[in-house]
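Residue numbers (this note's numbering), protein chains in the order written: chain S, 1 to 439; chain U, 1 to 500.
For reference, the structure is listed below as structure tokens.
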Amino acid sequence: MLSDEHKKLARWAMEYGLKQGCQAARVTLYAGSDTEFEVRNHQLDRLQQSSENQLAFHAFVDGRFGSFSTNRLEKHELEKFIGNAVDAVRFLAVDSDRKLPDPSFYYQGGIDLLELFDPAFSTIHPDRKLAIAHAAAAEVLGKDPRVLSVQSNWNDGCSFNYIISSNGFEGENAVSYYSLSVSVSVKGSGDARPESFWYDQSLTFDELIREGIGSIALERTLSKIGQQKVASGQYTMLVDNINSARLLSPLLSAISGSSLQQNNSFLLGRKGQQVLSDKVILIDEPHEPHAFGSRLFDNEGVATQKRSVFSKGVLETYFLDTYHASKMQMPQTIGNPSRLVLNPGSRSCEDMTASMERGILVTGFNGGNCNSSSGDFSFGIEGFLIENGQRTRPVTEMNMTGNILTLWNALTEVGNDPRRNSSFLIPSLLFDKVDFSGL
Amino acid sequence: MTYNKRKTVESSLITASAILTTSTGSRCSIGEILTHFGVEEQILKRVLTTALEKGGDYADLYFEHTFNHAVSLRDGEVNSTFSGIDFGVGVRVLSGDQTGFAYVENTGPEDMLNAARTAARIATSSIKSPVKDFGLKIPAKNHYLIRQSWEDISIRQRIPFVQKLNDRIFSMDSRVNKVMVSLSDASSHILFVNSEGVMYYDFRPMVSLTATCIMQENGVFENGRAARSYRSGFEFLTDAVVEEIAREAVDETSIMFRAIKPKGGEMPVVLGAGGSGIFLHEAIGHAFEADFNRKGTSIFSDKLHQKICSECINVVDDGTIPFNRGAVNLDDEGAEGQKTYLVREGILTSYMHDRISARHYLVPPTGNGRRESFRNIPIPRMRATYMENGNASEADIIASVKKGVFVNSFTNGEVQIGAGDFTFFVKSGYLIEKGRLTTPIRDVNIIGNGPKALADMTMVASNYKMDDGTWTCGKDGQSAPVTCGMPSALIGKLTVGGLN
Numbered sequence: 001m002l003s004d005e006h007k008k009l010a011r012w013a014m015e016y017g018l019k020q021g022c023q024a025a026r027v028t029l030y031a032g033s034d035t036e037f038e039v040r041n042h043q044l045d046r047l048q049q050s051s052e053n054q055l056a057f058h059a060f061v062d063g064r065f066g067s068f069s070t071n072r073l074e075k076h077e078l079e080k081f082i083g084n085a086v087d088a089v090r091f092l093a094v095d096s097d098r099k100l101p102d103p104s105f106y107y108q109g110g111i112d113l114l115e116l117f118d119p120a121f122s123t124i125h126p127d128r129k130l131a132i133a134h135a136a137a138a139e140v141l142g143k144d145p146r147v148l149s150v151q152s153n154w155n156d157g158c159s160f161n162y163i164i165s166s167n168g169f170e171g172e173n174a175v176s177y178y179s180l181s182v183s184v185s186v187k188g189s190g191d192a193r194p195e196s197f198w199y200d201q202s203l204t205f206d207e208l209i210r211e212g213i214g215s216i217a218l219e220r221t222l223s224k225i226g227q228q229k230v231a232s233g234q235y236t237m238l239v240d241n242i243n244s245a246r247l248l249s250p251l252l253s254a255i256s257g258s259s260l261q262q263n264n265s266f267l268l269g270r271k272g273q274q275v276l277s278d279k280v281i282l283i284d285e286p287h288e289p290h291a292f293g294s295r296l297f298d299n300e301g302v303a304t305q306k307r308s309v310f311s312k313g314v315l316e317t318y319f320l321d322t323y324h325a326s327k328m329q330m331p332q333t334i335g336n337p338s339r340l341v342l343n344p345g346s347r348s349c350e351d352m353t354a355s356m357e358r359g360i361l362v363t364g365f366n367g368g369n370c371n372s373s374s375g376d377f378s379f380g381i382e383g384f385l386i387e388n389g390q391r392t393r394p395v396t397e398m399n400m401t402g403n404i405l406t407l408w409n410a411l412t413e414v415g416n417d418p419r420r421n422s423s424f425l426i427p428s429l430l431f432d433k434v435d436f437s438g439l
Numbered sequence: 001m002t003y004n005k006r007k008t009v010e011s012s013l014i015t016a017s018a019i020l021t022t023s024t025g026s027r028c029s030i031g032e033i034l035t036h037f038g039v040e041e042q043i044l045k046r047v048l049t050t051a052l053e054k055g056g057d058y059a060d061l062y063f064e065h066t067f068n069h070a071v072s073l074r075d076g077e078v079n080s081t082f083s084g085i086d087f088g089v090g091v092r093v094l095s096g097d098q099t100g101f102a103y104v105e106n107t108g109p110e111d112m113l114n115a116a117r118t119a120a121r122i123a124t125s126s127i128k129s130p131v132k133d134f135g136l137k138i139p140a141k142n143h144y145l146i147r148q149s150w151e152d153i154s155i156r157q158r159i160p161f162v163q164k165l166n167d168r169i170f171s172m173d174s175r176v177n178k179v180m181v182s183l184s185d186a187s188s189h190i191l192f193v194n195s196e197g198v199m200y201y202d203f204r205p206m207v208s209l210t211a212t213c214i215m216q217e218n219g220v221f222e223n224g225r226a227a228r229s230y231r232s233g234f235e236f237l238t239d240a241v242v243e244e245i246a247r248e249a250v251d252e253t254s255i256m257f258r259a260i261k262p263k264g265g266e267m268p269v270v271l272g273a274g275g276s277g278i279f280l281h282e283a284i285g286h287a288f289e290a291d292f293n294r295k296g297t298s299i300f301s302d303k304l305h306q307k308i309c310s311e312c313i314n315v316v317d318d319g320t321i322p323f324n325r326g327a328v329n330l331d332d333e334g335a336e337g338q339k340t341y342l343v344r345e346g347i348l349t350s351y352m353h354d355r356i357s358a359r360h361y362l363v364p365p366t367g368n369g370r371r372e373s374f375r376n377i378p379i380p381r382m383r384a385t386y387m388e389n390g391n392a393s394e395a396d397i398i399a400s401v402k403k404g405v406f407v408n409s410f411t412n413g414e415v416q417i418g419a420g421d422f423t424f425f426v427k428s429g430y431l432i433e434k435g436r437l438t439t440p441i442r443d444v445n446i447i448g449n450g451p452k453a454l455a456d457m458t459m460v461a462s463n464y465k466m467d468d469g470t471w472t473c474g475k476d477g478q479s480a481p482v483t484c485g486m487p488s489a490l491i492g493k494l495t496v497g498g499l500n
């Protein structure tokens, strides 16, 4: 937890920067801690503990801007650090769009706290965490002779941020997190050693799913034995809820201020137009209590709000922070999304699989990229060939290729199964006629 | 941090007067280094002794003080900058294959001792290993002896090169619409001591210059990127490197207007010299990292000393290439940076080792134990990974392909260690039709299986080239600077992403 001394230091740093010649300044003070236990097979393989602090100083000097960070928090070192920072900024070109947010955009309070920090965080004994990691590994050990290696990871931590700006913003947040994951490697066909994983993560200890993680990891790994590629062609594609958010990332990058302002976006000038299937209803919902991604304000202190991103496929917002909004002379929104919710449909991944005549269920991506100017993409995939509603063989070593806007226009159904343990709640997605390259 | 470059400070401690070579070849003493980090030998021994109090058989302390700087250009002007300072010490304890680790961001005795007590908990033995007296280890050769440290260079001296790169790109092609340039540098001071008495100091410079170009033609935008990165000082910034990056950025962008997506499927792939080394990194490099093999999860776990490809193939991982982004004088466990043959005349001759795996396989360490920072434990990592020259010519290789693709510009790659499936994303290349390069291609992922692809490599040219781009490898949540390179080569069959 950040102490009053931390906050006094942040305020002092801001005021010292102003004395050194900044016309405006923002200071962010971060403190956090992290614990990890890694169990391999029957034995603790690694324990790791850490705690850290960092001060970030954002200097606005004579219409110029620079950002600086240090983990040396003694005042005499900060004095030199801030002094050098202000001197360095003076060498830059003037950029009048660099400025603090207008105070009217700042979070002013009035929203219930989001309950992102577990009050029990400091009460969980390390032995209990280690026992959970061992128990997760034990769900796999001895269960199948093909198992080569089991790795179980426990991770928990907390982070605290305090932001203070010279034009009146002051805010802080605290977040705790817990995660449990299991990776399994098995002897496959030939020399192959397929591996897979399963995990859960939560904001509070009580919410973390601790049973079944190892068993699911084993089941997912065994299902990959015998993977092979199938014939190239156009297939119906179902992407499961572990991987569906990957297909959203190029769209989010394309509507960020940094891409748009540099004319490096395939969605430049498309706001207000229907660019995706009318099945896409995507909303940024930052105020859900007790949820990953929720927040009251962003890194600038700007208040978050519920915001429609795509409404029936129509692009309704760009993500513009103070700088890019000013640069593009457009209304300011927020620098990046907080907690994205894709309006769910009515069927599960299993139900949609059962109704597929012939297609590919994608359960993992392997590399690939998307061109930010054109939206042209090509991703490696693995998963299963689906024939008459059944998984008939595991597939791998295949690529799916196309244009991301064309793909999202070929969306035929959204599932009902977003994972709750993510800031992107994207269910399984069904697409028509996707180009796959294999044999 | 600036040392007195001429003077050696005497000290009462045995090692404190030992002479070290600093970044620029001048001399300083280990006493100055210890003073800089605010520690003394007795304290270091006490921390190591505490780290071993629960029965660990080995402990080390890794001190780091890093200074980062960056200046960025957008819309024609250098209008933002960043600087960062990172300081701390990681305490590691080994008990057999088990690792205990903790770090703190200051070097006060109590904080270091607390970290040592945390890391010590990995062990549960009554046998206590001793801490030996320290002896200073000097690397056989400094692979990044620079002339001008970035710590002595002001932002004002950096800016003209950034501006020049922007201006040069605009001058080369009227279709250039936007340019982004970034110049970033880092200066890291590393002090290492372990319970076996090894102490070393290393200064690690790094610089990267990157340009992204956006062009517009008939209402269509395309982008391209070029970068160079070295363990080098300010002398890196020359008109020649600016010209090189500008030309490459413009060429990479302009070709995109003519490029098509090919028809997808299995076909021969000719890897162009240089950046195609990403194939080695992904297809076999990671699978040769000894931690995966020690744990039995790599597809090459049972292949050591076996023939895995043609006799014409030699693959090296090298930490000794001067000023290379992947160079290491001493790795992050004190092992000498070295040139390691992974594949020699088609035989898998060595994995890449950290301390734990070297002990497991009863072989000397290969200098691959690297960590992102004091916040991380060392693990086996690549450095500069490349294939040595073969006997063919690139022209002959292309001529031998009736229908396939030639690839020479890449953005990223990935691998599944156990299955052996690797990918790399081709930003641009060419169709090969009847033995000739024809239409440019773009934005395709190529996927294959590492052992099969290596075994299917039938021709290797004699035009080896190292790619000195900003390659950064991610593993276990840690980033490491690396490079890759190779001569042109033919792989008989890979799956090329494309349309049907």
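Glycine included, each C-beta is placed from N, C-alpha and C at the ideal position.
Values in this document were obtained by computation on a predicted structure and should not be read as measured data.
So with CB distances below 7 Å, who are the chain S contacts of residue i?
i         : result
TYR103(U) : SER50
GLU110(U) : Result: empty, since nearest Cβ-Cβ is about 14 Å, beyond 7 Å.
VAL496(U) : SER437
LEU454(U) : Neighbours of LEU454(U) on chain S: none; closest Cβ ~12 Å, over 7 Å.
Could you list which residues in chain C have their beta carbon closer than 9 Å to that of residue i, in chain order?
i         : result
ILE245(U) : The chain labelled as chain C is not found among the protein chains of the depicted structure, namely S and U.
For residue i versus residue j, is the C-beta distance shorter than 8 Å?
i         : j         : result
PHE495(U) : MET398(S) : Looking at the sequence shown, residue 495(U) is not Phe but Thr. Yes, the pair counts as a contact, with Cβ atoms nearer than the cut-off.
GLU77(U)  : ASP87(S)  : no
ARG370(U) : ASP318(U) : no
THR304(S) : ILE334(S) : yes
ALA115(U) : GLY56(U)  : no
TYR386(U) : MET466(U) : yes
LEU280(U) : VAL328(U) : no
ASN167(S) : GLU36(S)  : no
Going by the DSSP bridge assignment, what does residue i pair with across the sheet?
i         : result
GLN216(U) : PHE221(U)
SER188(U) : THR66(U) and ARG204(U)
ILE85(U)  : THR70(S) and PHE67(U)
ILE255(U) : None; ILE255(U) has no bridge partner.
Under 9 Å between beta-carbons, which chain U residues line up against residue i? List them in chain order, please.
i         : result
LEU148(S) : LYS295, GLY296, THR297, SER301 and GLY418
Can you tell which of the options has the C-alpha that lies nearest to the C-alpha of residue i?
i         : options                                      : result
ILE299(U) : THR66(U), ASP421(U), HIS360(U) and VAL444(U) : ASP421(U)
THR423(U) : ASN445(U), ALA102(U) and ALA240(U)           : ASN445(U)
SER338(S) : PRO286(S), MET328(S) and GLY367(S)           : PRO286(S)
ASP75(U)  : ILE441(U), ARG46(U), VAL176(U) and SER126(U) : VAL176(U)
LEU237(U) : PRO440(U), PHE323(U) and ARG158(U)           : ARG158(U)
Report the CB separation of residue i from residue j in whole angstroms; it is logged as a contact under 8 Å.
i         : j         : result
ASN293(U) : ASP331(U) : The pair is not a contact, with the Cβ atoms about 18 Å apart (cut-off 8 Å).
ALA453(U) : ALA283(U) : 5 Å
GLY83(S)  : GLN20(S)  : 6 Å
Anything in chain U within Cβ reach of residue i, meaning under 7 Å, just list it in chain order.
i         : result
MET482(S) : As displayed, chain S neither begins before 1 nor continues past 439, which places residue 482(S) out of reach and without an answer.
VAL89(S)  : THR81
GLN201(S) : Within chain U, no residue comes near GLN201(S); the closest Cβ sits about 15 Å away, beyond 7 Å.
Can you pull the chain S neighbours of residue i, defined as C-beta to C-beta under 8 Å?
i         : result
ILE379(U) : Going along chain S, no residue has its Cβ under 8 Å from ILE379(U), so there is no contact; the nearest lies around 10 Å.
GLY84(U)  : PHE68, SER69 and THR70
Using a cut-off of 9 Å between C-beta atoms, extract the partners of residue i located in chain S.
i         : result
MET352(U) : The contacting residues do not exist; MET352(U) stays about 18 Å from chain S at best.
GLU222(U) : ASN371, SER373 and SER374
GLU414(U) : PHE365, ASN366, GLY367, GLY368 and GLY380
ARG442(U) : ASN371, SER374 and ASP376
ASP266(U) : Before going further, note that residue 266(U) is Glu rather than Asp in the sequence given. Per Cβ cutoff of 9 Å: LYS229, SER232, SER437, GLY438 and LEU439.
VAL78(U)  : PHE91, LEU92 and ALA93
PHE406(U) : Chain S residues near PHE406(U): none, gap ~17 Å exceeds 9 Å.
LEU97(U)  : Here residue 97(U) is Asp; the residue named in the question, Leu, does not match the sequence. The contacting residues are ARG40, GLN43 and ASP45.
Quick one: which chain U residues come within Cβ less than 8 Å of residue i?
i         : result
GLU397(S) : ASP421, ILE447, GLY448, ASN449 and THR495
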